[in-house]
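Report on the structure given below.
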Amino acid sequence: MKQLNVQCLCICVCFAFILAIHPALAIRYEFDSEKEIADWELGPQATAKVKDGMLELTVAGGQNSGIYFGEDNWTDYRMEVKARKLVGPYFHLFARVQEPAVDFYFLEISYNSHTTSLFMFSGGAANEITGGPRPKRPDSKDDKGGDAYTIVFEVEGETLRTYIDGKLMVEIQDKTYDKGRPGLGGRDSTVAYEYVEINGQGIPPTAVEPVDKLAITWAELKRK
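In short: position in the sequence shown from 1, add 193, done, that's our numbering.
Printed below as a string of structure tokens:
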């Protein structure tokens, strides 16, 4: 019994340490059910469905639109997605989306110009803030069934960073928006998202880490 108590104490101490150094655990969506997107907001001309463990998002009508989630008061965060372009010329990721969802920052991967870029929308009008020549769009390492990328969009204070497959694409400073929701999107495109993971200081720990993630954490701690 004493040995069991010591093990439990060690687990509790380790778990408390993890919470101390990671005060906002990542929220991860893996799209196993329509319930995961039940409270997400669709933008103009956007439709979404969960299919075969993926979120399939279609944006039509020439709109820079998509689907938005989270809270208006989220500030600094890092969003990572695994996305596959099925149809059309663009991927988009949104950060610090305002209410209503016409003003925001967005990362764009373009198949028209073969580049990636960063925009700030204000008053519904686009302002490019890439900060120099647009970086070339990388060739997808996984192009079976449509190009797939791991894309990251970070917002930290006035600094915005974008990454594709681990490579820094754009790093720029802009102070227009200091908080707002993240989102996924495109333009005249259909994109399938395998997962979305987001974490950061602007996301309170009570914004829930899924129960199965905590179970995995406990299992790892027990093994150690």
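Ideal placement from N, C-alpha and C gives every residue a C-beta, glycine not left out. Bear in mind that the values here come from a model prediction, so they are computed numbers and not experimental data.
In the three-state reduction of the DSSP assignment, I220 falls in the strand class.
Apart from the 5 residues on each side of it in sequence, W233 sits with its Cβ closer than 6 Å to the Cβ of I260, F262 in its chain, given in chain order.
In the same chain as Q291, and ignoring 5 residues on each side of it, the C-beta atoms closer than 7 Å to its own belong to F297, Y370, G373, in chain order.
Exclusion of the five residues before and after E364 leaves R354 as the residues of its chain whose Cβ lies within less than 6 Å of its Cβ. It is roughly 5 Å from the alpha-carbon of T309 to the alpha-carbon of R330. Counting only the Cα atoms, L235 lies some 15 Å from D381.
The C-beta of P375 has 16 or more other C-beta atoms within 10 Å across all chains shown, which makes the residue buried. According to the DSSP assignment, A288 belongs to the beta strand (DSSP E) that extends over 283-290.
For S310, the enclosing beta strand (DSSP E) stretches over residues 309-315. If you check the CB distance, P328 and N305 do not come in under 8 Å. Scanning R289, A239, V280, K244 for the CA closest to the CA of E227 turns up K244. Secondary structure note for F346: its beta strand (DSSP E) is the uninterrupted segment 341-349.
In this structure, DSSP gives E249 an extended state, which the three-state scheme calls strand. Rounded to whole angstroms, the Cβ separation of M272 and A288 is 7 Å, and the two are in contact under 8 Å. Counting along the chain, the unbroken beta strand (DSSP E) around A276 starts and ends at 270-280. Here K244 carries a strand assignment [DSSP, helix/strand/coil]. Classified as exposed, N320 has fewer than 16 neighbouring CB atoms from the shown chains inside 10 Å of its CB. Secondary structure of K329 (DSSP, three-state): strand. Remark: C-beta atoms of V280 and I344 do not approach each other more closely than 8 Å.
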